[in-house]
Amino acid sequence: RPAGLTASDFDWLDRLAQAIEQQLHLKTLSPAMSFLRHRLVSSNGQTAMLVVNLQSNFISSAAAESVGQCEKLISASPPPAGLTTEITGTAGIGRDYGVATQRALHGTTWVTIVAVLAILILVYRSPVGALVPLVSIGASAYVSLVVLEMLVHAGWPVFSMEKIFAVVLIFGMGVDFALFWIARYREELSLASEALDGRGPEEAGGDARPPSETRRAGMPAPQARRGGQGCPPPPEGGLAPAAVAATRFAGPAIFVSAATTICGLTTMLATNLAPTHNAGKVLALVLTIALLAALTLAPALARLLGRALFWPMGLGGPATLGEGRLWPAVAGVVARRPRPVLIAGVLALGIPAAWSLTLQPRYDSLSELPPGSSSRRGFELVNEQFDKGQLYSNYLFLRFPDTSRSLTELHRLGETLTDRIAGVAGVHDVYSLSAPLGRKKAGVSGQVGSALAWLSQTLEDRPAAASSPFQSFLKQLPLAGGIEEMGEYLRTFYLADEPRVLRFEVLIDSLPFSPEAMGLMDRVRHTVDETLADALSADARPRVFATGPTPYILAIRDVSSRDQIRVKVLASIVIGAIVFVLIRDLPLTLFMLAATWLTYGATIALAQAFFVHVMGENGLDWKVRLIVFVIIVAVGQDYNIFLVSRLFQEPPELPDAEAARRAIVRTGSVISNCGLIMAATLGSLWAGQLGLLKQVGFALALGILLDTFFVRPLLLPSFFLATHRRRTRALNAGE
Numbered sequence: 005r006p007a008g009l010t011a012s013d014f015d016w017l018d019r020l021a022q023a024i025e026q027q028l029h030l031k032t033l034s035p036a037m038s039f040l041r042h043r044l045v046s047s048n049g050q051t052a053m054l055v056v057n058l059q060s061n062f063i064s065s066a067a068a069e070s071v072g073q074c075e076k077l078i079s080a081s082p083p084p085a086g087l088t089t090e091i092t093g094t095a096g097i098g099r100d101y102g103v104a105t106q107r108a109l110h111g112t113t114w115v116t117i118v119a120v121l122a123i124l125i126l127v128y129r130s131p132v133g134a135l136v137p138l139v140s141i142g143a144s145a146y147v148s149l150v151v152l153e154m155l156v157h158a159g160w161p162v163f164s165m166e167k168i169f170a171v172v173l174i175f176g177m178g179v180d181f182a183l184f185w186i187a188r189y190r191e192e193l194s195l196a197s198e199a200l201d202g203r204g205p206e207e208a209g210g211d212a213r214p215p216s217e218t219r220r221a222g223m224p225a226p227q228a229r230r231g232g233q234g235c236p237p238p239p240e241g242g243l244a245p246a247a248v249a250a251t252r253f254a255g256p257a258i259f260v261s262a263a264t265t266i267c268g269l270t271t272m273l274a275t276n277l278a279p280t281h282n283a284g285k286v287l288a289l290v291l292t293i294a295l296l297a298a299l300t301l302a303p304a305l306a307r308l309l310g311r312a313l314f315w316p317m318g319l320g321g322p323a324t325l326g327e328g329r330l331w332p333a334v335a336g337v338v339a340r341r342p343r344p345v346l347i348a349g350v351l352a353l354g355i356p357a358a359w360s361l362t363l364q365p366r367y368d369s370l371s372e373l374p375p376g377s378s379s380r381r382g383f384e385l386v387n388e389q390f391d392k393g394q395l396y397s398n399y400l401f402l403r404f405p406d407t408s409r410s411l412t413e414l415h416r417l418g419e420t421l422t423d424r425i426a427g428v429a430g431v432h433d434v435y436s437l438s439a440p441l442g443r444k445k446a447g448v449s450g451q452v453g454s455a456l457a458w459l460s461q462t463l464e465d466r467p468a469a470a471s472s473p474f475q476s477f478l479k480q481l482p483l484a485g486g487i488e489e490m491g492e493y494l495r496t497f498y499l500a501d502e503p504r505v506l507r508f509e510v511l512i513d514s515l516p517f518s519p520e521a522m523g524l525m526d527r528v529r530h531t532v533d534e535t536l537a538d539a540l541s542a543d544a545r546p547r548v549f550a551t552g553p554t555p556y557i558l559a560i561r562d563v564s565s566r567d568q569i570r571v572k573v574l575a576s577i578v579i580g581a582i583v584f585v586l587i588r589d590l591p592l593t594l595f596m597l598a599a600t601w602l603t604y605g606a607t608i609a610l611a612q613a614f615f616v617h618v619m620g621e622n623g624l625d626w627k628v629r630l631i632v633f634v635i636i637v638a639v640g641q642d643y644n645i646f647l648v649s650r651l652f653q654e655p656p657e658l659p660d661a662e663a664a665r666r667a668i669v670r671t672g673s674v675i676s677n678c679g680l681i682m683a684a685t686l687g688s689l690w691a692g693q694l695g696l697l698k699q700v701g702f703a704l705a706l707g708i709l710l711d712t713f714f715v716r717p718l719l720l721p722s723f724f725l726a727t728h729r730r731r732t733r734a735l736n737a738g739e
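Numbering-wise (my numbering), the sequence shown opens with residue 5 and increments by one.
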C-alpha cells in the first residue's frame, strides 16, 4: 500500500495466515506477529511479506497446486481496498514458469508449422508436395503428444518443456526424413521417365553412372533439368515401382540417420538430473514415431497423390539451393586447395571453440521470470522494498545422531555457529534458536528477549523449575515482541525434537542464483564444518544439510557438470561407433567427431557473444550446453554421414578430387534444404518468449547452419583430400 499499511491490512494478513495453516496445513510466518514485523515489513511501512513454508520442491506440481490454493483463499477473502497482493518466491516463480511454458508449447507449435510450410513451398515450389511431409510428420507429432499424455497418466513424468522440444525435433528431423525419401522417389521417377523418353541419364545431363551405381549411393541425385522442360510425366504404372525402389535404397540411409540421432539422445538417460533424464526418454520415443511416419505414411501419401505430387513444376522443377553456382564454386575450391581450406576452416571454428572453454554458464533462474506474471511483479516489489536476500532465504539443518543432547548444549552450540556464520563476509543476517530476531539487526533488546524466551521454554520443559519464582519474573518482563508470543514460534521453527534438528536461516547480500551467492554459501558451509569439528567429537557431530535456492542451484551445478561430462563422452563413443561401422575409416571417423565438437564450441561462443553484447544478458543458461551438444552432435553427424556416404560411393575410377567435387555438388541442395528446415524449426523456439527457449533456439539454429554450410561442404571433403583417404576400401567394406 503506497500510503502505508494499516491495522486492517495486518488483520487481513493474520486471517489469511490462519486460513492457510488450518485449510492447507502449511506453516506460515506472518507480519502480524509483532516480533517478526521488523523482518517482514519494509522500513517505509508500505510492504509486508507473508511467508508460506511448503512441504515439497518448489518446482513440483504439488508446489504449484499449493500456490493455486493460496490464490483461491485470497479470492475467497479479498484484501482491504487499496492493498495490492502478489504471489512470488520460488514456488510462485515455478508455477508461473510452468504456465508460461504451456503457452510456449502452443506458440512454438504453430510457428514451427508455418515456418516448415513456407520453406517447403519456397524450396520445392509445389504446394501439394509440401503437404506430404507436413501432414505425415504433423500426424506423427499429434500421435506423439497423445502417447506422452497416456504415459503421464501411467505415472511417467512429462513436462511442457519436454513437449516443446519434442514438437520441434519431430518436425525438424521428421520432415528431413520425409524429404530424403521424396527426393529419392523423384529420382526413381526421373529415371523411369528418361527410359521411356529414350535417353540415358548422361545424355539427359544427369549422373553418368548406371542406375545401379546411382541407387547404391542411397542419396538422391540432383535433377538435371529445371522447370520441367523436356521431362515427360511419370507413367502411372511406374509410380509403385519407384516408391518401392525409393524405400529400398533411401530407407537404410534414413534409418541410420535416425538411429544416430536417437542413440545420441538416449545418452541423456545416463544423467542424474531428472529433467534431462526424462528428456532422453521422451525425445528418443517421439523421434522413433517420426521415423515410422516418414517411412510409412509419407510414402503412402506420395503414392496416392500420383502425378499431382509435383504439380505444377513437374519432376524437373524443384529449386535446388546453390546447385547452379554456389556448390560448384565451393567444390572447385575444395578440390583444388584442400589443405588451405582445411587449415582455415579448423582455425575459424577452433578459435571461438577454444574461447568457449573459458565461459561460465549462468545459473540465474530469476532471469526466467515470465514477463507480466505475479511472481515477477512481486519479485521486483520485494527487491525494491527489502534487502536482496530477504525473499530467498537459505537454510542449514543440523541433525544430531541422538536426542540426548540438552537444550542448554544446543543453545550454546547454536549461538557459536550463529556468530561464526554471521561473521562470513557477504552474510546479511542469521536467524536461529539463539537469534530468532536476527543476529545483526535485532539489537540488544531483541537478543535479550530471544535468550529469555529460550530460557523460559527450557524451564517450561522442566516441571520442577516451571513453578519457580524466576518463571513468574520472566513473564512480567516488558520485552520487545513478548516472550509468550515467541515461545511456540521458537520451538516449532528452529528446533525439532525427534530427530533432534537445529535450523539456521541465512540471509545473504547477493541474488540467490548469482556466482557470488554460490561462492558465499560454499564458504558458509565450510565455516560450519570447521566449527563443528572444533566443538564436537566425530561420533557426536550432526549431519549438515543445506537447502534453499542457493544450495539448490549449487547442487544443480555440481550434478549437471558431471552429467555433461558423462553425456559428452558417452554420446561421442556411441555416435562414433555408428559412424565407424558405416565408413570403416577410423581417422575420418575421429575427424567427423572432432568437427562436430568444434561446431558445438563455436556455437556456444557465438551464442554467448550474441546474447551478452546484443541482447544485454549475463550469459547462456546452464541448460543450453547439454541440449545444444546432444542435438548438434547427433543431427550434424547425420548430414556428414550423407556426404561421406555419397563420396565413398562415387565410381572408384574417378580421381579423389573429382569424386569430392561431385559429392559436394550432388548433396549440396538437398542437405542445404534440410538444414534450413531444421534450423527454422529449432529457431522457432524463439517464439516461446522464455529466455531459455530463445537461447536454445538461437544456438541450435546457428549450430545447424554452421554444420550445413561450413563443416559439411568444406571441412570434411578437404580433410578427405588432404589426408588421402581411400574410397575403395570404405566402399568395398560398405558393400
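C-beta atoms are modelled at their ideal positions from N, C-alpha and C, and glycine is treated no differently.
Does the Cβ of residue i have 16 or more other Cβ atoms within 10 Å, making it buried, or fewer, making it exposed?
i	result
residue 388	exposed
residue 29	exposed
residue 625	buried
residue 816	With the chain running from 5 to 739 in the structure shown, residue 816 is simply not present.
residue 331	buried
residue 24	buried
residue 51	buried
residue 286	buried
residue 4	Look at the range of the chain in this structure, 5 to 739, and you will see that residue 4 is not part of it.
How many angstroms separate the CA atom of residue i from the CA atom of residue j?
i	j	result
residue 443	residue 427	10 Å
residue 141	residue 558	40 Å
residue 135	residue 260	25 Å
residue 53	residue 44	5 Å
residue 101	residue 694	9 Å
residue 543	residue 529	19 Å
residue 402	residue 273	34 Å
residue 336	residue 668	9 Å
residue 95	residue 74	11 Å
residue 71	residue 83	17 Å
residue 689	residue 79	35 Å
residue 393	residue 430	10 Å
residue 351	residue 636	19 Å
residue 252	residue 65	47 Å
Quick one: grab the DSSP three-state call for residue i.
i	result
residue 391	coil
residue 549	strand
residue 163	coil
residue 527	helix
residue 454	Unreliable placement is indicated for residue 454, whose pLDDT of 49 sits below 50; no coordinate value is reported for it.
residue 31	strand
residue 274	helix
residue 52	strand
residue 386	helix
residue 249	helix
residue 89	coil
residue 243	helix
residue 691	helix
residue 420	helix
Return the bridge partner residues of residue i from the DSSP annotation.
i	result
residue 399	509 and 551
residue 625	366
residue 499	506
residue 435	509
residue 57	31
residue 45	52
Taking only heavy atoms of the ligand MN into account, decide whether any of them is closer than 8 Å to the Cβ of residue i.
i	result
residue 706	In the structure on display, the ligand MN does not appear, and there are no ligands present to speak of.
Could you say if the stretch 284-299 and the stretch 118-127 meet the contact criterion of at least three C-beta pairs nearer than 8 Å?
no
Between the stretch 654-662 and the stretch 636-645, can you find at least three pairs of beta-carbon atoms closer than 8 Å?
no
Counting Cβ pairs, one atom from each stretch, are 3 or more of them under 8 Å apart for the stretch 665-677 and the stretch 711-729?
yes
Specify whether the stretch 161-176 and the stretch 307-316 touch according to this definition: at least 3 beta carbon pairs, one from each stretch, less than 8 Å apart.
no
Quick test of the definition: if touching needs 3 or more C-beta pairs under 8 Å, does the stretch 697-711 touch the stretch 374-393?
no
Touch test, the stretch 144-164 against the stretch 263-272, Cβ-Cβ under 8 Å, three pairs minimum:
no
Is there contact between the stretch 616-636 and the stretch 550-565, where contact requires at least three CB pairs shorter than 8 Å?
yes
Any contact of the stretch 522-539 with the stretch 408-428, i.e. 3+ C-beta pairs under 8 Å?
yes
Whether or not the stretch 599-613 and the stretch 346-360 are in contact is what I'm after, with contact meaning three or more pairs of Cβ atoms, one per stretch, closer than 8 Å; do they touch?
yes
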